[in-house]
Every structure is written in structure tokens, then in C-alpha cells.
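Dropping the structure here:
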């Protein structure tokens with residue numbers, strides 16, 4: 153099995169109550185696992201509150217996965 157890329161989510165605004173942060177973190181984790189099945193180890197606590205932030209994270213993951221594949 154290929155090595156999984158570790159993604160740590162450490163984002164939560166001060167205005168969002170902790171239970172809501174955890175729910176939004178779970179949504180992000182599920183979305184990343186759906187888009188990159190078996191390739192990620194997602195951990196942390198927080199959420200991404202805009203599509204632009206989600207796309208930035210996904211672009212960074214794609215870049216890192218491509219670099220990892222190129223080294224093999």
C-alpha cells in the first residue's frame with residue numbers, strides 16, 4: 153500500500169462554538185477522503201469556511217501527491 157499523505161486541520165474561528173467546529177471538521181474530512189480515497193490521513197480539529205480555502209487545500213494535496221508519486 154502506498155504511503156498516505158498526512159493532512160492536519162488546525163483552523164477554527166473564535167466565533168464558532170467548539171461543537172460546530174467539530175461538525176464542520178468532520179464534513180471537511182469526509183470531503184477530502186471522498187476526493188482522495190485511501191491517499192490521506194486527515195487529523196486535527198477545525199473547519200474551512202469558504203470554497204476558496206477548500207480549493208487551496210485540495211490544490212496543495214494534489215501537488216504533494218504528484219511530487220510523492222514522481223519520487224517513486
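Numbering (my numbering), first residue to last: 153 to 224.
For glycine and all other residues, C-beta sits at the position ideal for the given N, C-alpha and C.
Treat the numbers as computed from the prediction; the structure is a model and nothing was measured.
Exposure of residue i, with buried meaning 16 or more beta-carbon neighbours within 10 Å
i: residue 219; result: exposed
Backbone CA spacing between residue i and residue j [nearest angstrom]
i: residue 223; j: residue 211; result: 19 Å
i: residue 206; j: residue 175; result: 16 Å
i: residue 183; j: residue 193; result: 13 Å
i: residue 178; j: residue 217; result: 22 Å
i: residue 185; j: residue 159; result: 11 Å
Minimum C-alpha distance to residue i - residue among the options
i: residue 214; options: 188, 201 and 204; result: 188
Beta carbon of residue i nearer than 8 Å to that of residue j
i: residue 157; j: residue 204; result: no
Residue-level contact to chain C via CB, residue i, 8 Å cutoff
i: residue 206; result: Of the chains in the structure shown, none is chain C; there is only one protein chain.
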